[in-house]
Each structure stands twice: as structure tokens, then as C-alpha cells.
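**Q** Quick one: this structure, given as C-alpha cells, is what I'll be asking you about.
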Amino acid sequence: MKFSDFICREAIRTNLEADDKKTVIRAMATSLLEAGKIQQKDYDSIVEAILKREELGSTGIGRGVAVPHTKHPSIEKLIGTVAISSGGVNFDSLDGEKVHLLFLLVSPPERPGDHLRALENISRQLRDDMFCRLLKQSKSPEEVWQLLEEADNNKFSP
Amino acid sequence: MQTSPVSRVVTIQNKQGLHARPAEMFVRTANQFESKIQLIRDERRVEARNMIDLLTLGATHGTRLTIEAEGPDAPAAVDALAKLVEEVFPQEDAEQD
Numbered sequence: 001m002k003f004s005d006f007i008c009r010e011a012i013r014t015n016l017e018a019d020d021k022k023t024v025i026r027a028m029a030t031s032l033l034e035a036g037k038i039q040q041k042d043y044d045s046i047v048e049a050i051l052k053r054e055e056l057g058s059t060g061i062g063r064g065v066a067v068p069h070t071k072h073p074s075i076e077k078l079i080g081t082v083a084i085s086s087g088g089v090n091f092d093s094l095d096g097e098k099v100h101l102l103f104l105l106v107s108p109p110e111r112p113g114d115h116l117r118a119l120e121n122i123s124r125q126l127r128d129d130m131f132c133r134l135l136k137q138s139k140s141p142e143e144v145w146q147l148l149e150e151a152d153n154n155k156f157s158p
Numbered sequence: 001m002q003t004s005p006v007s008r009v010v011t012i013q014n015k016q017g018l019h020a021r022p023a024e025m026f027v028r029t030a031n032q033f034e035s036k037i038q039l040i041r042d043e044r045r046v047e048a049r050n051m052i053d054l055l056t057l058g059a060t061h062g063t064r065l066t067i068e069a070e071g072p073d074a075p076a077a078v079d080a081l082a083k084l085v086e087e088v089f090p091q092e093d094a095e096q097d
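Residue numbers (the numbering used here), protein chains in the order written: chain A, 1 to 158; chain D, 1 to 97.
Structure representation (C-alpha cells):
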């Protein structure tokens, strides 16, 4: 699976200001709402489900990256977005590091394989130090999208 | 101290596969041991204490993985991790259904 298969280009944000998990997750869900990928009537329950998932264990996977996510019945096809925080977000990650790069995923309940393949793609690409660093330093959604496209074209991880 | 690696093949039995939450549990359990621990899928070999590495395996339901440990507590580590994969992970299916 490639980034372009699930990342919504219009929902990418590079100006996260909040440093707490809750506010940042809300902001990312709002970006999907504004991009028309989720509906207003589902917004609250999607945010709530993502936060509830975080209570089970942080999705901070290390290297300053988090993958907050949930399944939601209103979603027909896996959708995701990317956000960058230059200041860092407190995410209770396993390695104790603040999070600077977030991938938020919402998937249809009956497609666990798609979610897993998205996670596989994200983690495989992020093993490349250069890709990970360049993404975190991105100043505009266009820059992020360009890096994701380069990753999709195997410029980074083999 | 000279030790030889201990290994065991396990199968991912939960429907969701080795996603973020099981991967986190795997790292936490691996962290309780001193031994070097790796997880192997076919030719790919990753460190058991690295959540990003574990997720790169893309281990879906039915995937067979080898847990390999080398060190003073290797047998106990393999036991604990195999039990986690085959007994604890499948419990999430029951919780969700």
C-alpha cells in the first residue's frame, strides 16, 4: 500500500500548535472534516473513538511518530492524514519522546488488513532516517505531499 | 557466557493481526527480559523491542513468525512472548465482538 492510497492531500497540516494529545487529535479530525472525508454528524464519535483507543495504550510508536487511529462504521475506505508539530506533542510514547509527526487513520471496521498494510507502509518508510527527518522539518502541506510521493516511488526505503 | 539461541514458531491468531496495540504489548513484554530478542518473518528479522520494526512485518491473521532469543533468560523470554501471541492477542477478538 502507498501513502497516496490513503492519505488525504487536502487534510495535511504542518502548523500544529497544541502540545496535548486531545487537542491535536481534534485538529487532525477537523482537517479530515474540512476536506470532506468525514461528516459533521460523525465527527464527535470518531474523535471520541480515537481518544478511547489511546487509553488502551499510546500509539506513539517511537522515533517521534504517532499513529492515532480508530475503526468507524461511517467510513467505507481507509482514510488518513498527516500532521507535523515542530514543538512536539506529549503522547506518552513507549520511548518517552515527544511526537513531531502524526499519521491519523480511520478505517472501515471490516477491513483490518487495510489498516495493517497502512501501518506497515508508514513504519517501513519511517525506518529511513532521511525521510523521517525531512518529513518532520516540512513547512507546508505541499512539501509533505511531495515527500510522500517520493516515498511512494521508492526514493527512500527499499 | 556462551549461550545458544532459543526459538519458537508462532501463528498470529487475532483477526486484526499484529497492529499497534499488540506490537506495544510485545515490546513491553520483551523489555522485561535481558536477552537479545528478534522476530522473524520469512527472511526478515527485526528487533522485538522496536515497535516500528515490528509493524513493518505487516503480520496479518495467520502469519507465522519465529521468536528467537539469545541470552541468560532466553527460554523464559520465548515462553512469555509465545504465550502473548497465541493466548493473549486472540482475547482482543472476544472483546470486540
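A virtual CB, placed ideally from N, CA and C, is assigned to each residue, including glycine.
Kindly indicate which three-state DSSP category residue 17 of chain D falls into: helix, strand or coil?
**A** In the structure shown, residue 17 of chain D sits in coil (DSSP, three-state: anything other than H, G, I, E or B).
**Q** Measuring CB to CB, does residue 166 of chain A end up less than 8 Å from residue 152 of chain A?
**A** Given a span of 1 to 158 for chain A in the structure shown, any question on residue 166 of chain A remains unanswerable.
**Q** Based on the DSSP output, what are the partners of residue 68 of chain D in its beta bridges?
**A** Answer is D:7, D:38, bridged to residue 68 of chain D.
**Q** List the residues of chain D whose Cβ lies closer than 7 Å to the Cβ of residue 61 of chain A, in chain order.
**A** In chain order: 20, 51, 52, 55.
**Q** Beta carbon of residue 4 of chain D, beta carbon of residue 68 of chain D: below 8 Å?
**A** In this structure, residue 68 of chain D does not lie closer than 8 Å to residue 4 of chain D by Cβ.
**Q** Can you tell me whether residue 153 of chain A is helix, strand or coil according to DSSP?
**A** In the structure shown, residue 153 of chain A sits in coil (DSSP, three-state: anything other than H, G, I, E or B).
**Q** Cβ closer than 7 Å: which chain D residues qualify as neighbours of residue 115 of chain A?
**A** Ordered by position in chain D, the residues that pass the 7 Å Cβ test against residue 115 of chain A are 19.
**Q** Determine the closest residue to residue 129 of chain A out of D:48, D:52, D:44, D:42, with distance taken between C-alpha atoms.
**A** The shortest Cα separation from residue 129 of chain A among D:48, D:52, D:44, D:42 belongs to D:52.
**Q** For residue 16 of chain D, does the count of other Cβ atoms within 10 angstroms reach 16, so buried, or fall short, so exposed?
**A** Classification for residue 16 of chain D: buried.
**Q** So residue 87 of chain A and residue 19 of chain A are in contact, right, with Cβ under 8 Å, and what is the actual spacing, rounded?
**A** With 8 Å as the limit, residue 87 of chain A and residue 19 of chain A qualify as a contact, their Cβ atoms being about 6 Å apart.
**Q** Count the other C-beta atoms from every protein chain shown that fall within 10 angstroms of the C-beta of residue 64 of chain A, then say buried if there are 16 or more, exposed otherwise.
**A** Counting Cβ neighbours within 10 Å, residue 64 of chain A comes out buried, since at least 16 surround it.
**Q** For a contact meaning CB atoms closer than 8 Å, what does residue 27 of chain D contact in chain A?
**A** Going along chain A in sequence order, the residues near residue 27 of chain D (Cβ under 8 Å) are 94.
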